[in-house]
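Student:
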């Protein structure tokens with residue numbers, strides 16, 4: 001059985017191009033080339049060249065429509081390990097461990113294996129362990145969210161079923177969670193990745209092989225998690241210019257395309273604008 005039936009898909013948008021270099025720096029630092037998957041980096045219209053990744057284009061459109069097009073037209077593999085460009089790895093990932101989980105997914109024809117820890121999940125332990133990490137199942141009715149866009153292995157056909165036309169990411173997580181609660185499928189979860197330093201949620205025997213990532217983007221700007229990345233940023237000369245740009249963007253709260261963050265209007269400003277429109 002070939003494990004190359006897995007696609008590791010990084011789903012990005014063109015406006016976040018500023019994050020691509022940082023993603024690749026920490027991906028290369030923490031993931032080895034012996035992961036049994038084909039690597040894809042999905043953008044909209046902007047072509048990018050990242051070593052070991054095939055760049056695939058979705059064209060412009062709403063989040064769910066872009067992802068659906070990529071899955072239907074560009075990804076030939078049966079399974080997809082889904083990531084996004086603002087998920088920056090901060091600890092090494094054990095290739096052997098991940099490949100074992102891939103093999104389990106294919107062998108058991110699993111629909112979904114969530115690889116990250118989150119307090120929104122209520123889990124039920126199984127007797128299956130991967131290098132000391134317990135493979136659990138979700139209690140679908142007690143878990144707050146069943147659909148998430150964090151690091152997850154999906155059967156491609158099952159993921160496509162969770163995507164409806166013209167859904168933005170937040171609407172998809174809300175509505176697809178409601179749909180999944182009605183469907184009540186078997187969803188697995190394992191504490192392979194600590195997301196933003198979150199603790200494990202299962203009864204594991206050993207956490208030594210647990211990896212970690214930080215989501216560095218909040219509302220199109222660098223969020224507070226980027227400070228964790230600053231602490232571990234590689235000191236190589238070729239990365240220093242980018243490192244300084246990251247610090248400048250964070251300090252000045254610039255958007256990823258280099259613009260000032262839009263100021264929120266208070267209620268009085270909104271009322272004032274409303275009256276102006278009436279007068280016109």
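Residue numbers (the numbering used here): 1 to 280. In this text, a Cβ means the ideal position worked out from N, Cα and C, and glycines have one as well. Keep in mind that this is a model prediction, so the values were computed, not measured.
1) Quick one: what's residue 41 bridged to in DSSP?
2) How is residue 31 classed by DSSP in three states: helix, strand or coil?
3) With residue 84 as the anchor, note down where its alpha helix (DSSP H) starts and where it stops.
4) On the three-pair Cβ rule with 8 Å, is the segment 61-68 touching the segment 134-147?
5) For a quick check, are the C-beta atoms of residue 210 and residue 191 less than 8 Å apart?
6) Going by other Cβ atoms of all chains shown within 10 Å of its Cβ, with 16 needed for buried, is residue 51 buried or exposed?
7) If you drop the 5 nearest sequence neighbours on each side, which residues of the same chain put their C-beta closer than 6 Å to that of residue 74?
8) Please state the DSSP three-state secondary structure of residue 194.
9) Alpha carbon to alpha carbon, how far is residue 95 from residue 6? Give it in angstroms, no decimals.
10) Does the pairing of the segment 35-53 with the segment 109-116 give three or more beta-carbon distances under 8 Å?
11) When DSSP builds the beta bridges, which residues end up paired with residue 260?
12) Within a Cβ cutoff of 8 Å, which residues of the same chain sit near residue 132, ignoring the five residues on either side of it in sequence?
13) Identify the residues that DSSP records as bridge partners of residue 134: which are they?
14) So for residue 161, helix, strand or coil by DSSP?
15) Which value, in whole angstroms, describes the spacing of the CA atoms of residue 220 and residue 18?
16) Is residue 100 helix, strand or coil by DSSP?
17) Between the C-alpha atoms of residue 145 and residue 152, what's the straight-line distance to the nearest angstrom?
Tutor: Answer, in terms of the structure:
1) Taking the first residue of the chain shown as 1, we reach residue 41 at position 41. Beta-bridge pairing links residue 41 to 10, 55.
2) Position 31 of the chain shown, counted from the first residue, corresponds to residue 31. Three-state result, residue 31: coil.
3) The residue you call residue 84 lines up with position 84 of the chain shown. Segment 79-84 is the beta strand (DSSP E) holding residue 84; no alpha helix (DSSP H) there.
4) Using a Cβ-Cβ distance cut-off of 8 Å, the segment 61-68 and the segment 134-147 are not in contact, since fewer than three pairs of beta carbons, one from each stretch, lie closer than that value.
5) Taking the chain shown and counting its residues from 1, the one referred to as residue 210 is at position 210. Taking the chain shown and counting its residues from 1, the one referred to as residue 191 is at position 191. Cβ atoms of residue 210 and residue 191: closer than 8 Å.
6) Position 51 of the chain shown, counted from the first residue, corresponds to residue 51. Label assigned to residue 51: exposed.
7) Here the question's residue 74 lines up with position 74 in the chain shown. The beta carbon of residue 74 sits closer than 6 Å to the beta carbons of 56 from its chain, once the five residues preceding and following it are set aside; these are given in chain order.
8) Residue 194 sits at position 194 when you count from the first residue of the chain shown. Three-state result, residue 194: strand.
9) For the purposes of this step, residue 6 is taken as the residue at position 6 of the chain shown. For the purposes of this step, residue 95 is taken as the residue at position 95 of the chain shown. Computed Cα separation, rounded: 14 Å.
10) no
11) Numbered from 1 along the chain shown, position 260 holds the residue referred to as residue 260. Looking at the DSSP assignment, residue 260 forms a beta bridge with 254.
12) Position 132 of the chain shown, counted from the first residue, corresponds to residue 132. Only 204, 205, 206, 207, 208, 209 meet the Cβ criterion.
13) Looking up residue 134 in the chain shown gives position 134. Residue 134 has 129 as its beta-bridge partners, per DSSP.
14) Within the chain shown, residue 161 is the residue found at index 161, counting from 1. Reduced to three states, the DSSP call for residue 161 is helix.
15) Residue mapping note: residue 220 aligns to position 220 of the chain shown, counting from 1. Residue mapping note: residue 18 aligns to position 18 of the chain shown, counting from 1. Distance between the alpha carbons of residue 220 and residue 18: 10 Å.
16) Position 100 of the chain shown, counted from the first residue, corresponds to residue 100. Reduced to three states, the DSSP call for residue 100 is helix.
17) Numbered from its first residue, the chain shown carries residue 145 at position 145. Numbered from its first residue, the chain shown carries residue 152 at position 152. Distance between the alpha carbons of residue 145 and residue 152 is about 13 Å.
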